[in-house]
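Heads up: the structure comes next, in structure tokens.
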Amino acid sequence: MRVTFLGTGSAMPTGERFQTGIVVEDDGRRLLVDCGSGVLQRLQQSGVGYENVSTVLLTHHHLDHVADLLPLLKARWLAGEEHLEVVGPSGTKAFLDDLLSVYDYLDGRVDLRVREVGAREFSVAGFDVEGFETRHSMPCLAYRLGDEFTFSGDSEAFSGLANFADGCAVLAHDCSFPDEVDVSNHPTPGQLGEALSGADIGRVYLTHLYPHTDGKHEAMLNSIGDRYDGDVRFAEDLLSVEL
Ligand SMILES: [Zn+2]
Ligand SMILES: [Zn+2]
61 MRVTFLGTGS AMPTGERFQT GIVVEDDGRR LLVDCGSGVL QRLQQSGVGY ENVSTVLLTH
121 HHLDHVADLL PLLKARWLAG EEHLEVVGPS GTKAFLDDLL SVYDYLDGRV DLRVREVGAR
181 EFSVAGFDVE GFETRHSMPC LAYRLGDEFT FSGDSEAFSG LANFADGCAV LAHDCSFPDE
241 VDVSNHPTPG QLGEALSGAD IGRVYLTHLY PHTDGKHEAM LNSIGDRYDG DVRFAEDLLS
301 VEL
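Residues are numbered in the numbering used here as their position in the sequence shown, beginning at 1, plus a constant of 60.
Below, the structure is given as structure tokens:
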């Protein structure tokens, strides 16, 4: 399995990190998880290509996770690709209907299939996936793909989510802000270290980084390390990890 971070930023630009998107590839199968602003460009830069991604799995419907969804649909239509499947939490069907009622010239251009999933096991693009409800300001699902990869989506850090990822080779976890920012709905490094303490995870990548984290990486890693002694690194756009 190969996991490529397309966007490791958030709703406020850093100038270097695009919004959330991760592409997972395994044995000819490809799955795009989230499709925030800039992800369509990163898909091209990564060599994966928008023509080769026909399934998008959404964690939730915040703009920084869906902004490039219709641009992806349009690019696929213009390239002659005929299908797109969008899978996401409850409300995804109504969300897509609403988007296409605004951009109605895109409606019906590709065979769009929309499926809603929840905190359970399901299959998407040939991957066996399990969903888990996170703690965020709107309903959001974390996803686990076998023993290889877990993505937190947007979430506060809590032991339930750490347990959900326990035993995984790689966990990509929201770490939006440094400790000095008072925040809810996202974790700080101190909170993340506490939640992860005792978890058995091969490597943790920090993502969903706000500009507030610029220049604070070392302090953030030290803060996590106060409670959690595992391998923790910062994700970067276009970083590829082989599992
Ligand atoms: Zn969010
Ligand atoms: Zn977000």
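C-beta atoms are modelled at their ideal positions from N, C-alpha and C, and glycine is treated no differently.
Each of 147, 251, 207 and 170 was checked against the Cα of residue 200, and the nearest Cα belongs to 147. Non-local beta-carbon contacts of residue 193 in its own chain, meaning distances under 6 Å to residues more than five positions away in sequence, involve 179 in chain order. By the Cβ-count criterion, residue 292 is buried, with 16 or more other Cβ atoms from all chains shown falling within 10 Å of its own Cβ. Restricted to the stretch 168 to 234, the alpha helix (DSSP H) segments that are unbroken, complete and at least 4 residues in length are 219 to 225, listed in chain order. In this model, residue 155 and residue 121 are separated by some 8 Å (Cα to Cα). Checking the DSSP bridge columns, you'll see residue 63 partnered with 84 and 301.
A check of alpha carbon separations from residue 282 across 88, 296, 301 and 250 identifies 250 as the nearest. For residue 125, the shortest C-beta to heavy atom distance toward ligand 2 is below 7 Å.
In terms of CA proximity to residue 141, 111 leads the group 163, 127, 93 and 111. Its chain contains 63 and 230 as the residues whose beta carbon lies nearer than 6 Å to that of residue 209, once the 5 sequence neighbours on both sides are disregarded; these appear in chain order. Apart from sequence neighbours up to five positions away, the residues of its chain that approach residue 116 with a beta-carbon distance below 6 Å are 92, 95 and 146, ordered along the chain.
At the C-beta level, residue 284 and residue 225 stay beyond 8 Å of one another. Checking the DSSP bridge columns, you'll see residue 143 partnered with 171.
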